[in-house]
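Participant: One structure coming up, written as structure tokens, with questions to follow.
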Amino acid sequence: MQFAQPIFLWALAGLSIPIAIHLLSKKEGKVIRLGSLRHVRETSTQQFKSIRLNEWLLLALRCLILVLWVLLLSGLQFDQTKNQQWLVVDKSVKNHPLAKKWMDSLQVQGFELHWLADGFPTEEPALGSANYWESISLLRQRELEKIIVLSSSGVEQFAGMRESLPVSIQWITLPTSESRFVAETIRKSNTNYLIRLGTSSADATEFETIRASRGIDSVEAKNILQQKVLIVADEAFEKDARLLKASLEVIQEKLPIQLTIQQQNTVNYKSTSSNWLFWLSDQKAPASDSASVVFYNPKSGSAILKPVSSNQWALTKRLSISTMEEANFTLQLASILIPEKDKWKSTRLHDRRSMPDSFLQSSVLSASTANRIIENHFNYYLFILLLVVFMIERWIAYRKNQ
């Protein structure tokens, strides 16, 4: 037990006030009923025949009210932490040299070994690590004296609502070694292959595409993505159509995609089967057989390409060289032409990116803040007790006319 503002304990000297009042107060006399005042005479009575405490119950309640009020002002706190220490290890770093060293050393010092998984088991789990933010929240609820976490701090595990790191938890990041892998092999022809190589480290995951005359036996080759693109524009949007076509040609040259580009005028437009329709006109885009549609709509928002539905995007600005450079139009266009989500799933096993220690330290819950949270939680019940005692004291005083 400790106090945040112990100087307020001097207010306990105020207990002498209700004690003095009860010492000087006279006990309520008995009421004697008389039929006549004829034989009653006035006599002088001694004010203080003896000094004694009256109304013990009221005195106790009033002293209790004063004590509870002083405890509220002084910030009474209780240390709720358990005298227990844990070492929580992420399965991804179990073979790290430093992890093995600390596991041996800390267990000798009395730390219990647990694994960073659901329920924090003492035996190594079959599955991988759990979500880090959820784990921090669950570890805080344990209210242990000290918790040391050894983890790779992988980016994928920091998903969801961010949690504050209590001072009782020390998070140590052990980055894993760099990973080099083949992300995918794309077949353009029997003698023309695109091999996408990936390199993942603690800082970033990067990809490089090289050309080869044959694929890699250990990796299944996929046919190159082929897309039919139809650009429909009226006379006012001829420059926009040329810039759009130039962006599509750059994407085809730099990325593993083969585009068949056709152009039409809005006047002579005929609906044809295509994967993408780019409608560059102030007129409303008609219904088409295209799987995906990008249409001009300057009222849709500030982003140059804004998703409207699962297969529709709005082009919110007229195309010009400066506008395209400022908005990274070509990169945004490539991101909708070649969705990377499915490809990224295959590279997650090789992802070595980790959050820096400064990211976690910025979310540390300070000792003063943690104490204030515990203090406020306890003071709530203390305040309720004060109100209950006060109401009881007022009811008894009313009944006894005190």
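Adding 31 to a residue's 1-based position in the sequence shown gives its number in our numbering. Just so it is clear, CB atoms sit at the ideal spot from N, CA and C, and this is done for glycine as well. Keep in mind that this is a model prediction, so the values were computed, not measured.
Which value, in whole angstroms, describes the spacing of the CA atoms of residue 198 and residue 122?
Facilitator: Each residue's alpha carbon lies about 23 Å from the other.
Participant: Nearer than 6 Å: is that true of the beta carbon of residue 295 relative to any heavy atom of the ligand PLP?
Facilitator: Ligands are entirely absent from the displayed structure, and the ligand PLP is therefore not among its contents.
Participant: Please report the distance separating the alpha-carbon of residue 414 from that of residue 117.
Facilitator: If I take the Cα positions, the gap works out to 35 Å.
Participant: Determine the direct distance from the alpha carbon of residue 217 to that of residue 287, and round the result to whole angstroms.
Facilitator: For residue 287 and residue 217, the distance between alpha carbons rounds to 7 Å.
Participant: Are the beta-carbon atoms belonging to residue 281 and residue 361 less than 7 Å from one another?
Facilitator: In this structure, residue 361 lies closer than 7 Å to residue 281 by Cβ.
Participant: Going by DSSP in three states, residue 399 sits in which element: helix, strand or coil?
Facilitator: Residue confidence is low: residue 399 scores 46 on pLDDT, short of 50, so the model does not pin down where it sits. No coordinate-derived value is stated.
Participant: Compute the beta-carbon to beta-carbon distance between residue 308 and residue 324, rounded to the nearest angstrom, for a pair I have assumed lies under 8 Å.
Facilitator: At roughly 5 Å, the Cβ-Cβ gap stays under 8 Å, so residue 308 and residue 324 are in contact.
Participant: Would you mind working out which of 196, 238, 134, 225 sits nearest residue 119, comparing C-alpha positions?
Facilitator: When only C-alpha atoms are compared, the closest one is 134.
Participant: List the whole-angstrom C-beta distance separating residue 289 from residue 283, where the pair is believed to meet the contact cut-off of C-beta under 8 Å.
Facilitator: Yes, residue 289 and residue 283 are in contact; Cβ-Cβ is about 7 Å, under 8 Å.
Participant: Give the secondary structure of residue 216 by DSSP, where H, G and I count as helix, E and B as strand, and everything else as coil.
Facilitator: Of the three classes helix, strand and coil, the one that applies to residue 216 here is strand, per DSSP.
Participant: Compare the Cα-Cα distances from residue 245 to each of 41, 224, 98, 256 and report the closest residue.
Facilitator: Checking every option, the nearest Cα to that of residue 245 belongs to 224.
Participant: With distances taken Cα to Cα, identify the nearest neighbour of residue 36 among 102, 157, 306, 342.
Facilitator: The candidate whose alpha carbon is nearest that of residue 36 is 102.
Participant: Taking residue 248 as the reference, give the member of 215, 367, 233 with the closest Cα.
Facilitator: Looking at the Cα atoms, 215 is the closest of the given residues.
Participant: Which runs of the alpha helix (DSSP H), 4 residues or longer, sit entirely within the stretch 148-189?
Facilitator: For the stretch 148-189, whole alpha helix (DSSP H) runs of length 4 or above, ordered along the chain, are 163-173.
Participant: Of all the options 252, 226, 250, 251, which has the alpha carbon lying nearest to the alpha carbon of residue 242?
Facilitator: It is 226.
Participant: Residue 202 lies in the beta strand (DSSP E); which residues open and close that run?
Facilitator: First-last of the beta strand (DSSP E) with residue 202: 200-204.
Participant: DSSP three-state label for residue 65, please.
Facilitator: DSSP places residue 65 in coil when its eight states are reduced to three.
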